[in-house]
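The opening position of the sequence shown corresponds to residue 1 in full-length UniProt numbering, with each subsequent residue numbered one higher. Quick reminder that beta carbons are idealized off the backbone N, C-alpha and C, glycines included. Here the structure is a predicted model, which means the values were calculated and not measured. Read the structure below first, then the notes.
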Amino acid sequence: MPTKIKQQEVLPAATAESAADSIYIKGARVHNLKNVNVSIPRNKLIVVTGVSGSGKSSLTMNTLYAEGQRRYAESLSSYARQFLMRMNKPDVDYIKGICPAIAIEQKVVTRTPRSTVGSMTELYDYLRLLFARIGKTYSPISGQLVKKHEVADVVDAITKMKTGTKLLIGVPFLHHAKREAKEELNILLQKGFSRLYAPAKEGPGQLLRIEELLEATRPAVPEGAYVLIDRMVVKDFNEDDKHRIADSIQTAFYESEGHVYLELDGKKWLHFSNRFELDGMQFEEPVPNLFSFNNPFGACPTCEGFGQVLGIDADLVMPDKRLSVFENAIAPWRGEKMGEYKEALIKASRKFNFPIHKPIAELTDEQYDLLWTGNEHFYGINEFFKMVEQNLYKVQYRVLQSRYRGRTVCPTCHGARLRQEALYIKISGKSIADLVNIPVSDLHTWFDALKLNEYDQQVGKRILLEVHHRIKTLLDVGLGYLTLNRLANTLSGGESQRIQLTRSLGSNLTNSLYILDEPSIGLHARDTARLIHVLKELRDLGNTVVVVEHDDLMMQEADYIIDMGPLASHLGGEVIFAGNYQQILKDKKSLTGKYLSGQLSIDPPQHLRKWKRSITIEGARQHNLKNITAQFPLGVFTVVSGVSGSGKTTLVKQILYPALMKLKGEFTDRVGRYKALTGDLDSITSVEMVDQNPIGKSSRSNPVTYIKAYDEIRDLYARQPMSKMRGFQPKHFSFNVDGGRCDTCKGEGEVIVEMQFLADVHLTCESCGGKRFKEEVLEVTYKGKNIYDVLDMGVDDAIDFFKDEKDVVNKIRPLSDVGLGYVKLGQSSDTLSGGEAQRVKLASFLGKGRAQGSILFIFDEPTTGLHFHDIKKLLASFNALIEQGHSILVIEHNLDVIRSADWVLDLGPEGGEGGGNLLYAGVPEGLKKVKESYTGKYL
1 MPTKIKQQEV LPAATAESAA DSIYIKGARV HNLKNVNVSI PRNKLIVVTG VSGSGKSSLT
61 MNTLYAEGQR RYAESLSSYA RQFLMRMNKP DVDYIKGICP AIAIEQKVVT RTPRSTVGSM
121 TELYDYLRLL FARIGKTYSP ISGQLVKKHE VADVVDAITK MKTGTKLLIG VPFLHHAKRE
181 AKEELNILLQ KGFSRLYAPA KEGPGQLLRI EELLEATRPA VPEGAYVLID RMVVKDFNED
241 DKHRIADSIQ TAFYESEGHV YLELDGKKWL HFSNRFELDG MQFEEPVPNL FSFNNPFGAC
301 PTCEGFGQVL GIDADLVMPD KRLSVFENAI APWRGEKMGE YKEALIKASR KFNFPIHKPI
361 AELTDEQYDL LWTGNEHFYG INEFFKMVEQ NLYKVQYRVL QSRYRGRTVC PTCHGARLRQ
421 EALYIKISGK SIADLVNIPV SDLHTWFDAL KLNEYDQQVG KRILLEVHHR IKTLLDVGLG
481 YLTLNRLANT LSGGESQRIQ LTRSLGSNLT NSLYILDEPS IGLHARDTAR LIHVLKELRD
541 LGNTVVVVEH DDLMMQEADY IIDMGPLASH LGGEVIFAGN YQQILKDKKS LTGKYLSGQL
601 SIDPPQHLRK WKRSITIEGA RQHNLKNITA QFPLGVFTVV SGVSGSGKTT LVKQILYPAL
661 MKLKGEFTDR VGRYKALTGD LDSITSVEMV DQNPIGKSSR SNPVTYIKAY DEIRDLYARQ
721 PMSKMRGFQP KHFSFNVDGG RCDTCKGEGE VIVEMQFLAD VHLTCESCGG KRFKEEVLEV
781 TYKGKNIYDV LDMGVDDAID FFKDEKDVVN KIRPLSDVGL GYVKLGQSSD TLSGGEAQRV
841 KLASFLGKGR AQGSILFIFD EPTTGLHFHD IKKLLASFNA LIEQGHSILV IEHNLDVIRS
901 ADWVLDLGPE GGEGGGNLLY AGVPEGLKKV KESYTGKYL
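Below, the structure is given as structure tokens:
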């Protein structure tokens, strides 16, 4: 039972004055929090900071957000609650004044190839609706607008005619194949029609009575006759007249399956149709699903809405773009037999001035396309593969085709993902595919210039409001260089988090609690200022915005700062400071305050290392890179910097890394477009990409097994006297193999009960009480601690505990060196943050020492989730790796890391199309003088 709060209970001083305007947390004990009491002012921008593992996420996500969510779930009916995950109550005495909570976490969103920037921001859904409601369909044959006439359109046309006009309403006489003319006429008579009308070439036509026609044995109906529906003289019609006309038109549409003809004064004919067709083509009526590539109705039938199909891959056909046609650039034409195609092209080349000695990389677009399409003088590559396809019954041709197959752009929709009918529908001359392929910044300009008629303006008003709002937010968070068609799984973590932010801002909620986990990840200092502006907008709507953040700019702009600490794990979990920026600068206890005020700092190195060896990428032009040549020094600490979207990831992760991996004979992703890779390639033995992906997906994986230190600990326990008496070997102290582990839970420590449509329930194992091992194994102790106690120890405690065992200490010390001294040895890998997982990988390399040769380490934003204090430790680890003879290359925005580098490559100046140039390469100090560089300005 929750304890009842007495009315007269006095809140702590910090909250007493503004109890009504704050969220008050009392007695939070989640994870490492030590019975924390804290007051969070409402409708303010609050930054929660502190070293890694100090309890920031425990306080914000696991206490505040979890309780906000749980209270919302409690308000639903028990029927609705059974479909929600079971929400456990956080370990806290009470929380007062909490509002509905929304969390925007750091998780990298979807890996599915269907998800795009447009679908994630919901912008695409609004565009679909806009095109379905105000889009106009144009015939691809004549370019004319396709219209469908309603009854009202025809009535309007008639009432606007000149008074006195003689009018005749008719529909074509339809003669069904299986019926006699007599039968057709009888049916018409039964329906109440009495006359046919046969138009004449000259002058008025002739009226024929159906009854008179039926008197003949075989009635002769004139060619091109009409069934007369109604006739009248145009006058100033009253309401009754209009009703009569509408009825006649309705009947006419029904009888003729969609066509009505009006004859005026026996001369002129008007045609109306309520069928959506023109130029002999039937068109689809615009509905939202027609524009959805995730719906079978709208998706392109060839690629099923993926935009790509399995076809002939250009990169496999011409793998080395530095070669010319003469030097065998076209791989399938290299052999003796297939070489005839190459010879034919070389012989014919002078007839149409084709440069056979020019590298493929330097051909113009027209010349490159010509290689594929061919002309009257030679067969192109497409024609060659058609020939291969016709000969697939021969095994050598099947092998040949499989060698060059890969993912290529869909030939039917050309990557638009939609069926052809959807692309005939346009607004102001643009189809939906045109709009999703232009950068958001250009889309903004297009919508601003959009002119609509009054009707469309009324219909689209609400939709356009949402579209404008979301586009503006995307621009504000620095993502104007993205296109809506960009795949979600090609975005960086920071980009995907800011896209989630756009979606939340689009909802325009007020009086809510927003909790953001490091939204400035992957953001250049220039864009952080824009992001702060967006967060303040969110606050000004009347929301409480809580941000877990280490960025000093964010702290300066915050209304309130909460500093957790003093250190990590069991040494943290307390509120060290709560107040504003000016107050934290003077606070004696706050580690953050000391770094902000300059008492403590991350000092750049005294001496920069000199380098002799390097690797050079020449002519990089993948995505937005503008044919740049970049030199990466070896044996030193190199940083690649630049604003978001300037091409850093493309250069390092999509060109340099896969190119080196391919060179070393390793399996890798496709290499981006570049001309040549040169330099001291033999001086590095291997390349390691140390990213923030989890170190293990299973609950069994943990830091101590990952860095191979658990083997030493198991050996130590197997050497204890009790183990020798009982015959225990090292395997008995493993929770991964049978022997010493608990047989009930198989060493997991918990039993999972599957609940079908409810969330699975995790229960502590009854046999071992969650200790993972059998009773007799737990009786073996070293210095009074059993194997379970050791797994439950923090790294720093373990170093102290095992001080007499040098082998064990040497194995686990690297974890402490990279700033993970607070992590428990047996902590499950899936509970580590991205930054922590990255540092565990770093520790495993530090532990191996010089045995591995010379490695090039590539890090993608390693400072994610790191406090100033942790960055200092990280830089020390980098230096330790360089001392061991390795090279370090880092993609980074953090200014302290850039200052500490030996060499900097700065890309820019902008993101997207405005980026992709190498602005500077040299020592960090020189970057300050580069005028175009935003990094230089902030340094």
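* **Anticipated Cβ contact below 8 Å, residue 228 with residue 197, distance rounded** => Going by Cβ atoms, the distance from residue 228 to residue 197 rounds to 5 Å, so yes, they are a contact pair.
* Where does residue 905 sit, in a helix, a strand or coil, going by DSSP? -> strand
* To do: Within the same chain, show all residues whose beta-carbon is closer than 7 Å to that of residue 31, passing over the 5 residues directly before and after it, in chain order.
  => Here the set comprises 55, 58 and 62.
* Does DSSP put residue 757 in a helix, a strand or coil? -> With a pLDDT of only 48 at residue 757, under the threshold of 50, the placement of this residue in the model should not be trusted, and no figure is reported.
* **Beta-bridge pairing of residue 39 - partner residues as DSSP gives them** => 24
* **Supposed contact pair residue 225 and residue 171 - C-beta distance, whole angstroms, cut 8 Å** => Not a contact, Cβ separation roughly 11 Å.
* **Residues of its chain near residue 605, where Cβ-Cβ distance is below 7 Å and the 5 sequence neighbours each way are ignored** => 900
* Asked: What is the rounded straight-line gap between the Cα of residue 489 and the Cα of residue 154?
  -> 52 Å
* **Proximity below 8 Å, CB of residue 558 to CB of residue 581** => yes
* To the nearest angstrom, how far is it from the Cα of residue 362 to the Cα of residue 905? -> Roughly 26 Å separates the two Cα atoms.
* Asked: In three-state terms, what does DSSP make of residue 215?
  -> helix
* Enumerate in chain order the residues of its own chain whose CB-to-CB distance from residue 645 is below 7 Å, with the five nearest sequence positions on each side excluded. => 481, 911, 912 and 915
* Asked: Which stretch, first to last residue, makes up the beta strand (DSSP E) that contains residue 917?
  -> Following the DSSP letters along the chain, one finds residue 917 inside the beta strand (DSSP E) bounded by residues 917-922.
* **Spatial distance of residue 9 from residue 479 (CA atoms)** => In this prediction, residue 9 scores a pLDDT of 37, lower than 50, which makes its location untrustworthy; no coordinate-derived value is stated.
* Asked: What do you reckon, are the CB atoms on residue 728 and residue 777 nearer than 8 Å?
  -> Residue 777 sits close to residue 728, with the two beta carbons spaced by under 8 Å.
* In chain order, which beta strand (DSSP E) runs of at least 3 residues are fully inside the stretch 538-617? -> The qualifying runs are 544-548, 560-565 and 574-579.
* What is the DSSP secondary structure of residue 395, counted as helix, strand or coil? -> helix
* Asked: By DSSP, does residue 375 sit in helix, in strand, or in coil?
  -> strand
* To do: Locate the alpha helix (DSSP H) running through residue 173, then write down its first and last residues.
  => Per DSSP, residue 173 lies in no alpha helix (DSSP H) segment and is marked neither H nor E.
* Asked: To the nearest whole angstrom, what separates the beta carbons of residue 502 and residue 477, a pair I think is in contact under 8 Å?
  -> 6 Å
* Could you spell out the range, first to last residue, of the beta strand (DSSP E) harbouring residue 782? => For residue 782, no beta strand (DSSP E) segment is defined, and its DSSP state is neither H nor E.
* Going by alpha carbons, who is nearest to residue 942 out of 427, 522 and 432? -> There is simply no residue 942 to check, as the chain begins at 1 and stops at 939 in what is shown.
* To do: Report yes if the CB atom of residue 48 is closer than 8 Å to the CB atom of residue 484, and no otherwise.
  => Not closer than 8 Å, so no.
* Cβ neighbours of residue 181 in the same chain (closer than 8 Å, five flanking residues each side left out) -> 175, 218, 219, 220 and 221
* To do: Please determine, among 423, 399 and 257, the residue with the shortest C-alpha to C-alpha distance to residue 285.
  => Here the closest residue by C-alpha is 423.
* Thinking C-alpha only, which one of 671, 524 and 840 is nearest residue 706? -> 840
* Asked: Would you say residue 395 faces chain D, with C-beta separation under 8 Å as the test?
  -> Among the chains in the structure shown there is no chain D, since it carries only a single protein chain.
* To do: Evaluate residue 763 with the Cβ neighbour count: other Cβ atoms within 10 Å of its Cβ, from every protein chain shown; 16 or more gives buried, anything less gives exposed.
  => exposed
* Are three or more beta carbon pairs between the stretch 62-79 and the stretch 98-107 nearer than 8 Å? -> yes
* Asked: Between the beta-carbon of residue 520 and the beta-carbon of residue 549, is there less than 8 Å?
  -> yes
* Asked: residue 718 to residue 733, Cα distance in whole Å?
  -> 8 Å
* Asked: CB residue 843 to CB residue 814, shorter than 8 Å?
  -> Taking the C-beta atoms as reference points, residue 814 is found nearer than 8 Å to residue 843.
* Please report how far the alpha carbon of residue 241 lies from the alpha carbon of residue 249, in whole angstroms. => Rounded to the nearest whole angstrom, the C-alpha separation of residue 241 and residue 249 is 12 Å.
* To do: For residue 881, I'd like the list of residues in its chain whose CB is within less than 7 Å of its CB, leaving aside the five on either flank, ordered along the chain.
  => 845, 846, 857 and 888
* Classify residue 757 as buried or exposed, calling it buried when 16 or more other Cβ atoms lie within 10 Å of its own Cβ. => Here residue 757 scores only 48 on pLDDT, less than 50, and its place in the model should not be relied on; the value that follows carries that caveat. Classification for residue 757: exposed.
* Boundaries (first-last residue) of the alpha helix (DSSP H) holding residue 679 -> Where residue 679 is concerned, there is no enclosing alpha helix (DSSP H), although the beta strand (DSSP E) it sits in stretches over 676-679.
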